[in-house]
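Peer 1: Numbering (my numbering), first residue to last: 26 to 236. Questions regarding the structure given below will be posed in turn.
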Ligand SMILES: [Mg+2]
Ligand SMILES: [Zn+2]
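Pasting the structure below:
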């Protein structure tokens, strides 16, 4: 495996509970944008393993009139700065800003980039010069899993807040390869897989010489 594609909300930053509406959703303002525990360290570890790392995120909030484009860039800066302060980096950041029922006509579109479509994943993989079969896709929602399976990625489902989703993840077009409680745990799983694969060949050889 060569790269890891990350969903943003619920994987990198925490979701927000909106009491009045009774829903859990993406942050709308900078004061609500908080990275989840050990996220910068997890991304640093992926960097150290030699894997490419890109964010692939649906962000329909601008299209819906929930926040301004400028706010998205504030979130983006906060995310990049926190990752950098742990010595990590992202190799790419991709947002789909469209929504089929957008309030703002310039973003109203049935696009190919909004997950569960795979346009965003394709763009990230192309820029990283890897195939989608060489990518992990980590997400906390059904659209992430659908896109990951469709694209041929190895998918990892993370999250506790949305655990009611687990009952829907059994179908073969959604079922994740791995389930982790957070990004750090997911990255430790990736580390195990990457390291066990690179160790497999020499072990087999030393056995065959013992005849
Ligand atoms: Mg998410
Ligand atoms: Zn789009």
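We put the CB at the ideal spot given by N, CA and C, even for glycine.
Going by the C-beta, is residue 32 closer than 7 Å to any heavy atom of ligand 1?
Peer 2: Here the question's residue 32 lines up with position 7 in the chain shown. At least one heavy atom of ligand 1 is nearer than 7 Å to the Cβ of residue 32, so yes.
Peer 1: So, helix, strand or coil for residue 82, using DSSP?
Peer 2: Translated into the one-based positions of the chain shown, residue 82 becomes position 57. Strand, per DSSP.
Peer 1: For residue 182, which residues does DSSP report across the bridge?
Peer 2: For the purposes of this step, residue 182 is taken as the residue at position 157 of the chain shown. 164, 204, per the DSSP bridge assignment.
Peer 1: Using only alpha-carbon positions, find the residue among 213, 170, 218, 205 that is nearest to residue 196.
Peer 2: The residue given as residue 196 occupies position 171 in the chain shown. Ranking the options by Cα distance to residue 196, first place goes to 170.
Peer 1: How many Å lie between residue 115 and residue 130 at the Cα?
Peer 2: As a position in the chain shown, residue 115 is number 90, starting the count at 1. As a position in the chain shown, residue 130 is number 105, starting the count at 1. Going by the C-alpha atoms only, they are around 31 Å apart.
Peer 1: Tell me the DSSP secondary structure of residue 149 in three-state form.
Peer 2: Here the question's residue 149 lines up with position 124 in the chain shown. In the structure shown, residue 149 sits in a helix (DSSP, three-state: H, G or I).
Peer 1: Report buried or exposed for residue 132, applying the criterion of at least 16 other Cβ atoms within 10 angstroms of its Cβ.
Peer 2: Within the chain shown, residue 132 is the residue found at index 107, counting from 1. Residue 132 comes out buried.
Peer 1: Does the beta carbon of residue 175 fall short of 7 Å from some heavy atom of ligand 2?
Peer 2: Within the chain shown, numbered from 1, the residue matching residue 175 stands at position 150. No, the Cβ of residue 175 stays beyond 7 Å of every heavy atom of ligand 2.
Peer 1: Could you check whether the Cβ of residue 139 sits closer than 7 Å to any heavy atom belonging to ligand 2?
Peer 2: As a working note, residue 139 is residue 114 in the chain shown. Yes, the beta carbon of residue 139 sits closer than 7 Å to at least one heavy atom of ligand 2.
Peer 1: Can you pull the DSSP bridge partners for residue 133?
Peer 2: Along the chain shown, read from residue 1 onward, the residue named residue 133 stands at position 108. Looking at the DSSP assignment, residue 133 forms a beta bridge with 124.
Peer 1: Could you give the DSSP three-state label for residue 198: helix, strand or coil?
Peer 2: Here residue 198 corresponds to residue number 173 of the chain shown, with the count starting at 1. Residue 198 falls in the coil class under three-state DSSP.
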